[in-house]
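All remarks here apply to the structure that follows.
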Amino acid sequence: MEIGITGHGSPEAAESRIHRGTNQSGMRDHNERLVLSLVRRHGSLAKSDIARMTGLSAQTVSVIMRELEEDKLLVRQAPLRGKIGQPSIPMALNPDGAYFIGLKIGRRSAELVLIDFLGNVRSMLQHSYRYPAPRETVEFVTSGMKTMRGELTPAQDKRIAGLGIAMPFELWNWADTAGAPRDVMDEWRHRDIRADIQAQCEFPVYLQNDATSACGAELVFGKAGAARDFVYFYIGAFAGGGIVLNGHLFGGPTGNAGALGSMPVPGPDGKPAQLIDVASIAMLEKALNARGVEASHLWTSPEDWGEIGVELDRWIASASQALAYAIVAASSVIDFEAAVIDGWMPKAVRRRLVDAVVEAISKIDGEGLKLPAVREGTVGIHARALGGASLPLSERFLIGSTMISRSA
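Following this line, the structure appears as structure tokens:
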């Protein structure tokens, strides 16, 4: 069934449509979002291309794209002249069509990022700490948003379409592992951080698990490969992950599908352990501290850890072994095309880790399984913050890229 779109919008009407609420009437029409999703995936498309891909009539596509252009979400590209007929005019996403804010609340740091409609980072702020505290986090967001929004023109500021929060669910359960005072961490149990931040914003605020959000960033912004089904691991202070099926982020009814940090794997002593207790960067920090080495640079300098030595070698060996078993185990349930590994670490360390995982998998009995290709993530250290920003982008403008498990 085709859904026609009629009417023309003034600039003021276009801005009001950007600011519509989070209920169903406040989101883009299904066919509009389908068009935006296809243009995002392909870079630019002509009306005839979209009609062919969607099965919509040329008239319907023309009306949809005209309204998206009036809303300043699409912009015309240079005409493509063929041998026969009129030249086709490809349409591409307008970088200034909408803006999104992402907030990552981690065990060791918080990040606030502002991106445009293409996913380009326009501004980013980071705040490191020993452990996350609710009040301090809200203060960071308040001052950070003031700074970021102050750098935008009034017209750009009106096109902020939402804020997404990426944080571990049930953060209070990690008090002992994070080395945080239990009373401070218990504050998270009784605080609705989404509501606290929503009170400061005229645009909708969304909430999702941090590792799942990172998986969403790889899905929406990732550059390598065309896998539509992949299992994703993000290695931060603690290991976690997500699952993408048929190009959709899958979270399950409670949002815990893809809770890969809880997956049982062989521990260093051969006894069963959870992936989070082996592959997390917190384990590397613990090893360094045991040798009397101050390891705060693991959190403050993710682009360059400097020379770490044998502790890094040992961590890569144990983490890669655990990740290899996790990938093989996941492959016994679903035939994933790829297993993607990213994390809060220098690119060289990520490369070493992925290479070690590939080698470890080759030594595991995978008879009867179709094992996925193992590759590096392409978003990098800021995947969780960018994943947060992708929540309102996906929820309001795309087709099924992200599953919001906790939102307004």
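FYI, the numbering for the sequence shown is 16 to 423, going by the numbering used here. Ideal Cβ placement from N, Cα and C applies to all residues, glycine included. As the structure is a computational prediction, the values presented were derived from the model and not from experiment.
Q | Distance, residue 150 Cα to residue 75 Cα | A | Along the sequence shown, one-based indexing puts residue 75 at 60. Along the sequence shown, one-based indexing puts residue 150 at 135. C-alpha separation (whole angstroms): 49 Å.
Q. Nearest-angstrom Cα distance between residue 314 and residue 67?
A. Residue 314 sits at position 299 when you count from the first residue of the sequence shown. Residue 67 sits at position 52 when you count from the first residue of the sequence shown. If I take the Cα positions, the gap works out to 48 Å.
Q: Quick one: give me the first and last residue of the alpha helix (DSSP H) that residue 318 is part of.
A: The count along the sequence shown starts at 1 and reaches residue 318 at position 303. Here residue 318 belongs to no alpha helix (DSSP H), and DSSP marks it neither H nor E.
Q) What does a CB cutoff of less than 8 Å around residue 49 pick up in its chain, not counting 5 residues either side in sequence? A) If you number the sequence shown from 1, residue 49 lands on position 34. Counting only Cβ-Cβ distances below 8 Å, and skipping sequence neighbours, we find 69 and 414.
**Q.** Inter-residue Cα distance where the pair is residue 308 and residue 323
**A.** Residue numbering aside, residue 308 sits at position 293 when the sequence shown is read from its first letter. Residue numbering aside, residue 323 sits at position 308 when the sequence shown is read from its first letter. Rounded to the nearest angstrom, the two C-alpha atoms are 9 Å apart.
Q.
Given a cut-off of 8 Å on the beta-carbon distance, is the pair residue 352 and residue 236 in contact?
A. Residue 352 sits at position 337 when you count from the first residue of the sequence shown. Residue 236 sits at position 221 when you count from the first residue of the sequence shown. Cβ atoms of residue 352 and residue 236: not closer than 8 Å.
Q.
Applying the 10 Å Cβ sphere with the 16-neighbour rule, what's the burial state of residue 169?
A. One-based indexing of the sequence shown puts residue 169 at position 154. An exposed status is given to residue 169, since fewer than 16 other beta-carbon atoms sit within 10 Å of its beta-carbon.
Q. Ordered along the chain, which non-local residues of its own chain (more than five positions away) have a Cβ less than 7 Å from that of residue 105?
A. Sequence index remark: in the sequence shown, residue 105 carries index 90 (1-based). Within the same chain, and ignoring the five residues on either side of residue 105 in sequence, the residues whose Cβ sits closer than 7 Å to its Cβ are 59, 60, 61, 92 and 95.
Q.
Can you give me the C-alpha to C-alpha distance between residue 300 and residue 306, rounded to a whole angstrom?
A. What you label residue 300 is simply residue 285 of the sequence shown in a count that begins at 1. What you label residue 306 is simply residue 291 of the sequence shown in a count that begins at 1. About 10 Å.
Q: Could you give the DSSP three-state label for residue 1: helix, strand or coil?
A: Shown here, the chain extends from 16 to 423; a query on residue 1 therefore has no answer.
Q: Please state whether DSSP places residue 39 in a helix, a strand or coil.
A: The residue labelled residue 39 in the question sits at position 24 within the sequence shown. Because the pLDDT of residue 39 is 34, which lies under 50, any placement of that residue in the model is unreliable, and the number read from its coordinates should be weighed accordingly. When DSSP states are grouped into helix, strand and coil, residue 39 belongs to the helix group.
Q. Which whole-angstrom value is the C-beta distance of residue 346 and residue 387, which I expect to be below 8 Å?
A. Taking the sequence shown and counting its residues from 1, one reaches residue 346 at position 331. Taking the sequence shown and counting its residues from 1, one reaches residue 387 at position 372. Contact holds; Cβ gap of about 6 Å.
Q | residue 408 classed as buried or exposed, judged by whether at least 16 other C-beta atoms fall within 10 angstroms | A | Numbered from 1 along the sequence shown, position 393 holds the residue referred to as residue 408. Classification of residue 408: buried, given that the 10 Å Cβ count is 16 or more.
Q. Can you tell me the Cα-Cα spacing of residue 161 and residue 375, whole angstroms?
A. Here residue 161 refers to the residue found at position 146 when the sequence shown is read from its first residue. Here residue 375 refers to the residue found at position 360 when the sequence shown is read from its first residue. Between residue 161 and residue 375, the C-alpha separation is close to 47 Å.
Q. With C-beta atoms as the reference, is residue 303 less than 8 Å away from residue 318?
A. Within the sequence shown, residue 303 is the residue found at index 288, counting from 1. Within the sequence shown, residue 318 is the residue found at index 303, counting from 1. Going by C-beta atoms, residue 303 is not nearer than 8 Å to residue 318.
Q: Enumerate, from N- to C-terminal direction, the unbroken alpha helix (DSSP H) stretches of 4 or more residues contained entirely within the region 282-358.
A: 296-305, 312-315 and 325-346
Q.
Going residue by residue through the region 150-214, where are the continuous alpha helix (DSSP H) segments of at least 4 residues, counting only ones entirely within it?
A. 169-172, 190-193, 197-205 and 208-213
Q | Classification of residue 5 by the beta-carbon crowding that lies within 10 angstroms, buried from 16 upward | A | Nothing about residue 5 can be read from this structure; the chain reaches only from 16 to 423.
**Q.** CA-to-CA distance, residue 215 to residue 133, given in whole angstroms
**A.** Here residue 133 refers to the residue found at position 118 when the sequence shown is read from its first residue. Here residue 215 refers to the residue found at position 200 when the sequence shown is read from its first residue. About 25 Å.
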